Amino acid sequence: CSRPVQSPMQVPGRPPASGPLANPGVRAVGGVVATFAGAFGGLAAITALATGVSRKIVVSRLRANGQVCYLCEGRKFVTCRTCAGDKAIEWQPLANPGMRRLCACPTCGGKTGLQKCNNCVGLGYA
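Residue numbers for the sequence shown follow the working numbering, beginning at 639 and rising by one.
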């Protein structure tokens, strides 16, 4: 009468493990990955929370002081300096063009002719 040979990972009374987690090397790597993901995910969440809170504090202090941005006069946007509000720029690669070529402005996207104020970063307060 001989006993069946059990592997070191097999628990007595349970069927043998199968699948990718049956290998101890895969299980160890999974634990390391989970540890790093948890640590860096927690760090990212704490950083995002601290950034949001500090931004709200700065904006509330600027608004409390009532110093309106002198460049945009509190409107948060200024006329696009690349296209001067025309929403397109003239671009011609040829020396003697047969027609005029207009391309959408890369700064304002050719949609509004406005860009965010660089002085107040679009807050309206400086």
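All residues carry an ideal CB built from backbone N, CA and C; glycine is no exception. Computed from a predicted structure; not experimentally measured.
Report task. Return the chain-ordered list of same chain residues with a C-beta closer than 7 Å to the C-beta of Y763, the five sequence neighbours on each side being excluded. Result -> As a working note, residue 763 is residue 125 in the sequence shown. L700, R701, Q705, V706, C707, listed in sequence order.
Burial state of G751 (16 or more Cβ within 10 Å): Counted from its first residue, the sequence shown places residue 751 at position 113. It is buried - the Cβ of G751 has at least 16 other Cβ atoms within 10 Å.
| Where does T717 sit, in a helix, a strand or coil, going by DSSP? | Translated into the one-based positions of the sequence shown, residue 717 becomes position 79. Residue state, collapsed to three classes: strand.
For K754 and F715, believed in contact at Cβ under 8 Å, the rounded distance
The residue labelled residue 715 in the question sits at position 77 within the sequence shown. The residue labelled residue 754 in the question sits at position 116 within the sequence shown. Confirmed, Cβ separation roughly 6 Å.
**alpha helix (DSSP H) segments (min. 4 residues) lying fully within the region 684-743** = none
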